[in-house]
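Working notes for the structure below.
In the working numbering, the protein residues as written are 519 to 827.
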């Protein structure tokens, strides 16, 4: 049984990833730590509670950082995910309560209580993870693994800084702390997301599933599917966070991976937030990232489909 701690900023695709983890027979969601990102923390925390309501999950939820370590973000992703982060679907408020403990403290405590047993899956900006790493510099040795959705390894990003991916760009300083302190992590990039899009035929199978998860998926995903079609001209769905979760749940889904040193740029104007990969090993620095390049698309879709049917 894979025991998961999910650091998240829901977000439509965050919700989809959490759904995927919830239904997987060999996974247990131990806790969710929440960060501001796709939309503000005042939305991402209640969104997390709403997701757990749909799934019937009882995992504790810990609120974390509302914003980046240093500077205010240049943008959020409400224009994609909806102003509430869940597609403006008008979902009812949850009666669940968030835990009083700060997310960063919870990340440290959970690791110390369960050394080597928990997988940390970070599918939002890395602010909470960075704070936890500063609180306990030995944290990287206490988690079984760290898997992140973040980065644009070929500088084909999705932000106003076109070389940067959103989660890294939202808080480059936090990402720098994490990539610098963790000797090994696994990253799923924006380019990997784009090359593993859910196509139109597959998308039809994800829609109109008459159960609580399927109805929830339809409600929260309609806006983002429309955005991708109208703005990007693609009748597809990009599952960034579900792809990261699929890799976490079934690592052998990965068919191609590269291990290199990755540096997060904090200072450059046009390159702030870029994840710079030492593809040719010229820096002499030890590789710190397992970069997922390709996965078994059929198995990825099967995991996605299982989350909604």
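Ideal placement from N, C-alpha and C gives every residue a C-beta, glycine not left out.
*Taking C-beta to C-beta, are residue 757 and residue 823 nearer than 9 angstroms?*
Cβ distance not < 9 angstroms, so residue 757 and residue 823 don't count as in contact.
_Boundaries of the alpha helix (DSSP H) in which residue 540 is found, first to last residue_ = Going by DSSP, residue 540 is part of the alpha helix (DSSP H) stretching over 530-541.
_Beta-carbon within less than 8 angstroms of residue 677's beta-carbon, same chain only, minus the 5 sequence neighbours each way: which residues are those?_
Apart from the 5 residues on each side of it in sequence, residue 677 sits with its Cβ closer than 8 angstroms to the Cβ of 592, 593, 683, 684, 687, 791 in its chain, given in chain order.
*Check each candidate in 734, 667, 588 and name the one with the smallest Cα separation from residue 691.*
If we check each option's Cα against that of residue 691, 588 comes out closest.
*Alpha-carbon to alpha-carbon, residue 641 and residue 707*: Approximately 11 angstroms between the Cα atoms of the pair.
*Can we say the region 560-575 touches the region 523-541, given the rule of at least three CB pairs closer than 8 angstroms?*
Yes: at least three Cβ pairs fall under 8 angstroms.
*Return the chain-ordered list of same chain residues with a C-beta closer than 7 angstroms to the C-beta of residue 730, the five sequence neighbours on each side being excluded.*
For residue 730, where only same-chain residues beyond five positions count, the Cβ hits under 7 angstroms are 572.
*Is it a yes or a no for the region 666-680 touching the region 767-774, going by three-plus beta-carbon pairs under 8 angstroms?*
With the rule of 3 Cβ pairs closer than 8 angstroms, the region 666-680 does not count as touching the region 767-774.
*Assign residue 718 to one of two classes, buried (16 or more other C-beta atoms within 10 Å of its C-beta) or exposed (fewer than that).*
Exposed, since its Cβ has fewer than 16 Cβ neighbours within 10 Å.
*At what residues does the beta strand (DSSP E) containing residue 781 begin and finish?*
DSSP places residue 781 in the uninterrupted beta strand (DSSP E) bounded by 780-782.
*Residues bridged to residue 645 (per DSSP)*: Note: residue 645 sits in no beta bridge, so no partner.
*Please report how far the alpha carbon of residue 632 lies from the alpha carbon of residue 740, in whole angstroms.*
Rounded to whole angstroms, the separation of the alpha carbons of residue 740 and residue 632 is 39 angstroms.
*Roughly how far, in whole angstroms, is the beta-carbon of residue 668 from the beta-carbon of residue 644, given that I think they are within contact range, below 8 angstroms?*
Their Cβ separation, rounded to whole angstroms, is 7 angstroms, which keeps residue 668 and residue 644 in contact under 8 angstroms.
_Which listed residue (745, 736, 742) has its alpha carbon closest to that of residue 825_ = Checking every option, the nearest Cα to that of residue 825 belongs to 736.
*asked:* If you measure between the beta carbons of residue 765 and residue 806, is that distance less than 9 angstroms?
replied: Not in contact: residue 765 and residue 806 (Cβ atoms no closer than 9 angstroms).
_residue 519 - DSSP class collapsed to helix/strand/coil_ = Residue state, collapsed to three classes: coil.
_Taking 7 angstroms as the limit between beta carbons, can you name the residues of its chain near residue 657, skipping five residues before and five after?_
So the qualifying residues of the chain are 626, 629, 650, 651.
*Just the C-alpha distance for residue 532 and residue 698, rounded to the nearest angstrom, thanks.*
The C-alpha of residue 532 lies about 25 angstroms from the C-alpha of residue 698.
*asked:* Let's see if you can read the secondary structure: which residues bound the beta strand (DSSP E) around residue 588?
replied: Counting along the chain, residue 588 falls outside any beta strand (DSSP E), and DSSP gives it neither H nor E.
_Using a Cβ-Cβ cutoff of less than 6 angstroms, which residues in the same chain neighbour residue 681 once the five nearest sequence positions on both sides are dropped?_
Result list for residue 681: 673, 675, 789, 792, in chain order.
*asked:* So, with DSSP's three-state summary, where would you put residue 808?
replied: DSSP places residue 808 in the strand class (E or B) of the three-state scheme.
*In chain order, each alpha helix (DSSP H) run of at least 4 residues that lies wholly inside the region 590-617*: Listed in chain order, they are 596-599.
*So the beta strand (DSSP E) residue 580 belongs to, where does it begin and stop?*
Counting along the chain, the beta strand (DSSP E) containing residue 580 begins and ends at 579-581.
*asked:* Do residue 767 and residue 542 have their beta-carbon atoms positioned less than 9 angstroms apart in this structure?
replied: The answer is yes: Cβ separation under 9 angstroms.
*asked:* Rounded to whole angstroms, what is the Cα-Cα separation between residue 746 and residue 595?
replied: So the two alpha carbons sit approximately 13 angstroms from each other.
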